[in-house]
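Novice:
Number of protein chains: 2
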Amino acid sequence: MNRDIIRELDPLFNPASVAHIGATNNRNKWGFSTVTSLIHSFKGPIYPVNTKESEIQGLTVYPRVTDIPGPVDLAVFTIPAEHVAGVMRDCMKKGVKSAVIISAGFAEIGPEGKRLQDEVLAIARSGNIRFIGPNCMGYWSSSSSLAAFMMPLLVRDGPLAFVSQGGNVGAAVVVAGYERGVGFTHYVSCGCAADVQIEDYIDYFGKDTRVKAIMTYIEGLNDGARFMDIVSEVTRNKPVIVLKPGKTAAAAEAIRSHSGAMAGSDAVYDAAFKKMGAMRVDSPEEMLDVAIGCLTQPLPRGRNVAIITPGGSYGVLCAEACEEGGLNVVKLPEKTIEEFNNIFPPRWSHANPVDPAGDRNFVAYLTAPARLLELETVDSLIFMGFGGFTLFGNLLLQQRSSQEQKMSPEDLAKRDGALRAIIPIIEDIKSGNVYKTETAIKQLIDMLAWVLGLQGKMEVEDLAVTIIAARFSGKIDDLLVDDLLELASGKAFQSKTGRSRLDIINNMIVRLMRALSSQWIESYGKPVITTTFTEEQVKLAGNHYDYTSGNRAARVLLKLTGYHDYLVRCGVIVQESNRSSD
Amino acid sequence: MNRDIIRELDPLFNPASVAHIGATNNRNKWGFSTVTSLIHSFKGPIYPVNTKESEIQGLTVYPRVTDIPGPVDLAVFTIPAEHVAGVMRDCMKKGVKSAVIISAGFAEIGPEGKRLQDEVLAIARSGNIRFIGPNCMGYWSSSSSLAAFMMPLLVRDGPLAFVSQGGNVGAAVVVAGYERGVGFTHYVSCGCAADVQIEDYIDYFGKDTRVKAIMTYIEGLNDGARFMDIVSEVTRNKPVIVLKPGKTAAAAEAIRSHSGAMAGSDAVYDAAFKKMGAMRVDSPEEMLDVAIGCLTQPLPRGRNVAIITPGGSYGVLCAEACEEGGLNVVKLPEKTIEEFNNIFPPRWSHANPVDPAGDRNFVAYLTAPARLLELETVDSLIFMGFGGFTLFGNLLLQQRSSQEQKMSPEDLAKRDGALRAIIPIIEDIKSGNVYKTETAIKQLIDMLAWVLGLQGKMEVEDLAVTIIAARFSGKIDDLLVDDLLELASGKAFQSKTGRSRLDIINNMIVRLMRALSSQWIESYGKPVITTTFTEEQVKLAGNHYDYTSGNRAARVLLKLTGYHDYLVRCGVIVQESNRSSD
Numbered sequence: 004m005n006r007d008i009i010r011e012l013d014p015l016f017n018p019a020s021v022a023h024i025g026a027t028n029n030r031n032k033w034g035f036s037t038v039t040s041l042i043h044s045f046k047g048p049i050y051p052v053n054t055k056e057s058e059i060q061g062l063t064v065y066p067r068v069t070d071i072p073g074p075v076d077l078a079v080f081t082i083p084a085e086h087v088a089g090v091m092r093d094c095m096k097k098g099v100k101s102a103v104i105i106s107a108g109f110a111e112i113g114p115e116g117k118r119l120q121d122e123v124l125a126i127a128r129s130g131n132i133r134f135i136g137p138n139c140m141g142y143w144s145s146s147s148s149l150a151a152f153m154m155p156l157l158v159r160d161g162p163l164a165f166v167s168q169g170g171n172v173g174a175a176v177v178v179a180g181y182e183r184g185v186g187f188t189h190y191v192s193c194g195c196a197a198d199v200q201i202e203d204y205i206d207y208f209g210k211d212t213r214v215k216a217i218m219t220y221i222e223g224l225n226d227g228a229r230f231m232d233i234v235s236e237v238t239r240n241k242p243v244i245v246l247k248p249g250k251t252a253a254a255a256e257a258i259r260s261h262s263g264a265m266a267g268s269d270a271v272y273d274a275a276f277k278k279m280g281a282m283r284v285d286s287p288e289e290m291l292d293v294a295i296g297c298l299t300q301p302l303p304r305g306r307n308v309a310i311i312t313p314g315g316s317y318g319v320l321c322a323e324a325c326e327e328g329g330l331n332v333v334k335l336p337e338k339t340i341e342e343f344n345n346i347f348p349p350r351w352s353h354a355n356p357v358d359p360a361g362d363r364n365f366v367a368y369l370t371a372p373a374r375l376l377e378l379e380t381v382d383s384l385i386f387m388g389f390g391g392f393t394l395f396g397n398l399l400l401q402q403r404s405s406q407e408q409k410m411s412p413e414d415l416a417k418r419d420g421a422l423r424a425i426i427p428i429i430e431d432i433k434s435g436n437v438y439k440t441e442t443a444i445k446q447l448i449d450m451l452a453w454v455l456g457l458q459g460k461m462e463v464e465d466l467a468v469t470i471i472a473a474r475f476s477g478k479i480d481d482l483l484v485d486d487l488l489e490l491a492s493g494k495a496f497q498s499k500t501g502r503s504r505l506d507i508i509n510n511m512i513v514r515l516m517r518a519l520s521s522q523w524i525e526s527y528g529k530p531v532i533t534t535t536f537t538e539e540q541v542k543l544a545g546n547h548y549d550y551t552s553g554n555r556a557a558r559v560l561l562k563l564t565g566y567h568d569y570l571v572r573c574g575v576i577v578q579e580s581n582r583s584s585d
Numbered sequence: 004m005n006r007d008i009i010r011e012l013d014p015l016f017n018p019a020s021v022a023h024i025g026a027t028n029n030r031n032k033w034g035f036s037t038v039t040s041l042i043h044s045f046k047g048p049i050y051p052v053n054t055k056e057s058e059i060q061g062l063t064v065y066p067r068v069t070d071i072p073g074p075v076d077l078a079v080f081t082i083p084a085e086h087v088a089g090v091m092r093d094c095m096k097k098g099v100k101s102a103v104i105i106s107a108g109f110a111e112i113g114p115e116g117k118r119l120q121d122e123v124l125a126i127a128r129s130g131n132i133r134f135i136g137p138n139c140m141g142y143w144s145s146s147s148s149l150a151a152f153m154m155p156l157l158v159r160d161g162p163l164a165f166v167s168q169g170g171n172v173g174a175a176v177v178v179a180g181y182e183r184g185v186g187f188t189h190y191v192s193c194g195c196a197a198d199v200q201i202e203d204y205i206d207y208f209g210k211d212t213r214v215k216a217i218m219t220y221i222e223g224l225n226d227g228a229r230f231m232d233i234v235s236e237v238t239r240n241k242p243v244i245v246l247k248p249g250k251t252a253a254a255a256e257a258i259r260s261h262s263g264a265m266a267g268s269d270a271v272y273d274a275a276f277k278k279m280g281a282m283r284v285d286s287p288e289e290m291l292d293v294a295i296g297c298l299t300q301p302l303p304r305g306r307n308v309a310i311i312t313p314g315g316s317y318g319v320l321c322a323e324a325c326e327e328g329g330l331n332v333v334k335l336p337e338k339t340i341e342e343f344n345n346i347f348p349p350r351w352s353h354a355n356p357v358d359p360a361g362d363r364n365f366v367a368y369l370t371a372p373a374r375l376l377e378l379e380t381v382d383s384l385i386f387m388g389f390g391g392f393t394l395f396g397n398l399l400l401q402q403r404s405s406q407e408q409k410m411s412p413e414d415l416a417k418r419d420g421a422l423r424a425i426i427p428i429i430e431d432i433k434s435g436n437v438y439k440t441e442t443a444i445k446q447l448i449d450m451l452a453w454v455l456g457l458q459g460k461m462e463v464e465d466l467a468v469t470i471i472a473a474r475f476s477g478k479i480d481d482l483l484v485d486d487l488l489e490l491a492s493g494k495a496f497q498s499k500t501g502r503s504r505l506d507i508i509n510n511m512i513v514r515l516m517r518a519l520s521s522q523w524i525e526s527y528g529k530p531v532i533t534t535t536f537t538e539e540q541v542k543l544a545g546n547h548y549d550y551t552s553g554n555r556a557a558r559v560l561l562k563l564t565g566y567h568d569y570l571v572r573c574g575v576i577v578q579e580s581n582r583s584s585d
């Protein structure tokens, strides 16, 4: 492991200039969408290379790489396979430092393609050019804002790194990440991986301090032993999540015709992943769930999970999913049951999952998570959120609509005036000016009472204080305050940003839950996974699912527990001998 | 089975008037949200009953049920458990025909509650009052537009019927159905099911011709044998989908404290469900997936599935999910491979999954499904859609944005003028006036070329003709044409309805795929399940998933195949002896 992988791959991930061989104005060719992707991402010089065209989207075209005036750090290939070797020789002459070969028609099509690939590899090696591909969809590097990709990709900058042997599965995961608000330092579609291997990328990602978790989709490996050596080293420092199909004959056959890889024995792969501490997942969705878990959650120290739910049947399904996934739905101590007897109505579940059975006292409900997390026998919490609040949004909107229909224009104007009076208060809170004053809090409480349709003084006050406390501790983002502002402005049901009030309320609740859960995570050092009413809101948050997806929450906790156990076995984490001392 | 279940339960599902015992203006009580739900759904007279209030949301309040002037068909209870029996006696005196007891605190809390429940049941029986509950969240009946529910529910009218022993899981599924565009004739949260049993509702749904598929969430049954008799009868006529947790100890314990039911032996339940032809599912998501499958797909006659994919790795994951789910990823005959050799580039996969490996000829791609469906060895198809088109949306928007930035105001006006010229043509197509004329088709083609950024004449022409053909056959909804219209209007990137052009293009593609798949389903009598790039679009369509959810598609096909096999075993479907004769 003494290779200087950073030095070797840096030209690929931090090029100062790019030549695109095969750039074109012909919209029916991939060269068109690839050059468009380059133009819309990369800020340095881009040199299109094409013998038949002279200008592409405002850029001067060069007939050959050797005709380009300035230095070229990276060459992007989208020309037919049979022409790649020749141009690679030009690249060598030009002193190009790295390349990505998007072109297909190499090892994946059989012996003839393999011969071509070997030829290209030999030329590149002699010119000291490291390359991605061939037969790939390209890559993204956030440090140089470079999407050398087959088409513009919806990608965010962020702390994940991902190398995928499937360009399409990779792109789907990157876009799903975009929709869920997480981003990537690097995403590489590695294709046939003729030169740089999957384990090389993982090695590089392991050494980049911006990378917090590494993901990989593998169809087959060229050198399993080398992969294992490198990944075993990396997992000691950061998590590696692996999706590896090939359990069934049809999948193995599909892999052979897709990437030309040998799927290999699934049992061997599975044992190897366990040995090297990689978290193996079963689907692209789970890969992203676990990656987000790595970013947002501490590692659970054991399998004991507590569940708190606003609905009994959610609790039933979640408990089942946890147990089926290998977690332990832990028994509550008598002391905790007595505590809950004091704050919940007699009909509460008296057990884990903790279900207040429709109680409307949200303050009691909000204090329950801390009481569970402080138990030494609880390693993690699934907090199933506020069913009521979300549905109340709907209730409130319907009711308010009827009210507004009945109100005179004068009354409406009066009410809107009163609501607008709250705006400067919230703006002050937002700017950090007056949020400590009693008036501000009182007015915010009135506004919340209006927004949430609650009258019970205690509930509303406590909720307002919670929100303000969250803001004090920096645990709530400005968007929540923006939403309050928008709601308080008392505009009609469709806001100026095109969102309905119901959407705003739902989004507020998700953000509020995220703020609360990150406070609990910080206070207790244990994972807290949250859920709400519908899938719609999942996009906004990290480990946040809909009520009926207890199975996803359970699987994230299980994978993280497995990784924790691995790090303890390796001695990277020193497990306290007596848990009660913690 | 000679009971007249229709006559017995009709007063519940078709009441002409409703009394709500426990209606209130106090927002911190469920009686407030329940009466709001009634007011916003039911069109007939609503009589709030409360000894302490005189007016609720504009309605006159009566101190007792017996004070109500008109007849009462249904009584809704949200008062504390200990008062239910007394008021039920009033209902008997008043001649109330049916009831729903939302109130909790009955059998689920133990012997004391069970005694109360038995008392209420005895009174209701003596008054011939059938009732839902107690300890439930209420119900929805589309025939009387009645949501006697704990809070306003987002529910659509539609052909599904659902009885759930979990009110929260039930509500989550109903709302998920709302978001995915499917609705319910009936949704019942049955709670403790003291009087009307789960199997009674299923019996009733079985006899209602509007109901096309029945769903049920069960925690435990009061009379398993009776359930089996009734459900075995119903499944001969329409599908029954069952979600039954209780496989693990934690779930069984959670069930006991939630509904008071005994979870029972899971193996016994599982064997019984198989015997009665009910489709057992593992999650609320799968329940809805399979229900939508029942509404949109013919039953597959066997386990042989063909897959066509725009991306090799999607195909790999989908093939694996199919095989793991018990489907057979069928081998293609030589004849078909030769046909595909003629239309796809040499690099295509040459096998099932059929992967044209990045070919840009969408016409060839669109003809492939029919070639697979016409094979007698293929029982169903998973069509993984157009990766390119969706991503092209992004490509196009980025490119167009740059173009527009560079265009002079005059050029922009000129282009917008040209685009507006297409509007009347599309409006004519929409109204059915001129869609046969060559001009209309030619202009639509030009517009599509603009929208999809394609230049190859053949691709665009064929796509336009496909859309027009779909419209001819009535297989495309007006919304698709509306979207074309909105795009053609050439407005800025945020349209007047608040949707981005990218959203519009994505939605168009989903609808186009639904139109095409319903044509294939009709022509070949075989299921066709589709996928597209992101989850966002799933909401719009029926059995339509994101690319990486091959497992969901596979499970739907598997469940439907199992139901088909059951109907063959029962003799309801007579299987052709020689499949090639079909």
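Residue numbers (this note's numbering), protein chains in the order written: chain A, 4 to 585; chain B, 4 to 585. Quick reminder that beta carbons are idealized off the backbone N, C-alpha and C, glycines included. Only a predicted model underlies this, so the values are computations on that prediction, with no experimental measurement involved.
In whole angstroms, give me the CA-to-CA distance for Thr299 (chain B) and Gly318 (chain B).
Specialist: Stepping through the second sequence from its first residue, residue 299 (chain B) is reached at position 296. Stepping through the second sequence from its first residue, residue 318 (chain B) is reached at position 315. If I take the Cα positions, the gap works out to 23 angstroms.
Novice: Here's the rule I'm using: 16 or more other beta-carbon atoms within 10 Å means buried, otherwise exposed. How should Cys573 (chain B) be labelled?
Specialist: Stepping through the second sequence from its first residue, residue 573 (chain B) is reached at position 570. Result: exposed.
Novice: Ignoring anything shorter than 3 residues or poking outside the region 45-82 of chain B, list the beta strand (DSSP E) runs there in chain order.
Specialist: 49-52 and 77-80
Novice: Candidates A:Ala175, A:Ala518, A:Ile217 and A:Ile244: which alpha carbon is nearest Val158 (chain A)'s?
Specialist: Position 155 of the first sequence, counted from the first residue, corresponds to residue 158 (chain A). Checking every option, the nearest Cα to that of Val158 (chain A) belongs to A:Ala175.
Novice: Consult DSSP for Phe16 (chain A) and reduce its assignment to one of helix, strand or coil.
Specialist: As a working mapping, residue 16 (chain A) is identified with position 13 in the first sequence. Residue state, collapsed to three classes: helix.
Novice: Apply the 10 Å Cβ neighbour rule to Val172 (chain A) and answer buried if 16 or more other Cβ atoms are within range, or exposed otherwise.
Specialist: The sequence position of residue 172 (chain A) within the first sequence is 169, counting from 1. When all chains shown are included, Val172 (chain A) counts as buried.
Novice: Against chain B, which members of the region 81-112 of chain A pass a CB distance test of less than 7 angstroms?
Specialist: So the list reads Ala107, Gly108 and Ile112, given in the order they occur along the chain.
Novice: Return the chain-ordered list of same chain residues with a C-beta closer than 7 angstroms to the C-beta of Glu122 (chain B), the five sequence neighbours on each side being excluded.
Specialist: Within the second sequence, the letter at position 119 stands for residue 122 (chain B). Cβ within range, chain order: Ala88.
Novice: Is DSSP giving Val577 (chain B) helix, strand or coil here?
Specialist: Position 574 of the second sequence, counting from 1, holds the residue named residue 577 (chain B). Of the three classes helix, strand and coil, the one that applies to Val577 (chain B) here is coil, per DSSP.
Novice: Would you kindly report the start and end of the unbroken alpha helix (DSSP H) that includes Thr299 (chain A)?
Specialist: Taking the first sequence and counting its residues from 1, the one referred to as residue 299 (chain A) is at position 296. Unbroken alpha helix (DSSP H) run through Thr299 (chain A): Pro287 to Thr299.
Novice: Any idea if Arg10 (chain A) is buried or exposed, counting beta-carbon neighbours within 10 angstroms, 16 or more meaning buried?
Specialist: Residue 10 (chain A) sits at position 7 when you count from the first residue of the first sequence. Exposed, by the Cβ-count rule.
Novice: Three-state secondary structure (DSSP) at Asp568 (chain A)?
Specialist: Within the first sequence, numbered from 1, the residue matching residue 568 (chain A) stands at position 565. Three-state DSSP puts Asp568 (chain A) in a helix.
Novice: For the candidate residues B:Gly328, B:Phe35 and B:Arg92, whose alpha-carbon lies nearest to that of Ser552 (chain B)?
Specialist: As a working mapping, residue 552 (chain B) is identified with position 549 in the second sequence. Of the candidates B:Gly328, B:Phe35 and B:Arg92, the one whose C-alpha sits nearest the C-alpha of Ser552 (chain B) is B:Gly328.
Novice: If we count the other Cβ atoms within 10 Å of its Cβ and call it buried at 16 or more, is Val308 (chain A) buried or exposed?
Specialist: Residue mapping note: residue 308 (chain A) aligns to position 305 of the first sequence, counting from 1. Counting other Cβ atoms within 10 Å of its Cβ, Val308 (chain A) reaches 16 or more and is therefore classed as buried.
Novice: Straight-line CA distance for Met95 (chain A) to His23 (chain A)?
Specialist: Working through the first sequence from its first residue, we reach residue 95 (chain A) at position 92. Working through the first sequence from its first residue, we reach residue 23 (chain A) at position 20. Taking the straight line joining both Cα atoms gives about 15 angstroms.
Novice: Based on the DSSP secondary-structure assignment, which residues constitute the bridge partners of Arg133 (chain B)?
Specialist: As a first step, residue 133 (chain B) is located in the second sequence; it is residue number 130 there, counting from the start. DSSP lists B:Ser101 as partners of Arg133 (chain B).
Novice: DSSP state of Ser526 (chain B), grouped into three classes?
Specialist: As a first step, residue 526 (chain B) must be located in the second sequence, where it is residue number 523. Helix, per DSSP.
Novice: For the region 280-300 of chain B and the region 310-324 of chain B, state whether three or more C-beta atom pairs, one from each stretch, are separated by less than 8 angstroms.
Specialist: no
Novice: Is DSSP giving Ile8 (chain A) helix, strand or coil here?
Specialist: For the purposes of this step, residue 8 (chain A) is identified with residue 5 of the first sequence, where counting begins at 1. Reduced to three states, the DSSP call for Ile8 (chain A) is helix.
Novice: Can you list, in chain order, the stretches of the beta strand (DSSP E) that have 3 or more residues and sit fully within the region 305-350 of chain B?
Specialist: 307-311
Novice: Buried or exposed: where does Asp1 (chain A) fall if 16 or more other Cβ atoms within 10 Å of its Cβ makes it buried?
Specialist: In the structure displayed, chain A extends from 4 to 585; residue 1 (chain A) sits before or after that span and is not available.
Novice: Let me confirm a value: Pro356 (chain B) is counted as buried when at least 16 other C-beta atoms fall within 10 Å, else exposed. Which label applies?
Specialist: Position 353 of the second sequence, counted from the start, is the residue given in the question as residue 356 (chain B). Note on Pro356 (chain B): 16 or more other CB atoms within 10 angstroms of its CB, so buried under the neighbour-count rule.
Novice: Count the other CB atoms within 10 Å of the CB of Ile311 (chain B); is the residue buried (16 or more) or exposed (fewer)?
Specialist: The sequence position of residue 311 (chain B) within the second sequence is 308, counting from 1. Result: buried.
Novice: Starting from Leu41 (chain A), follow the beta strand (DSSP E) in both directions and report where the run begins and ends.
Specialist: Walking along the first sequence from the start, residue 41 (chain A) turns up at place 38. Premise fails: Leu41 (chain A) lies in the alpha helix (DSSP H), Trp33 to Ile42, not in any beta strand (DSSP E).
Novice: Using the DSSP secondary-structure output, state which residues sit across from Asn95 (chain A) in a beta bridge.
Specialist: The residue you call residue 95 (chain A) lines up with position 92 of the first sequence. The sequence shown places Met at residue 95 (chain A), not Asn. Residue pairing from DSSP leaves Met95 (chain A) without any beta-bridge partner.
Novice: Pull the bridge partners of Ala150 (chain B) from the DSSP assignment, please.
Specialist: Here residue 150 (chain B) corresponds to residue number 147 of the second sequence, with the count starting at 1. DSSP lists B:Trp143 as partners of Ala150 (chain B).
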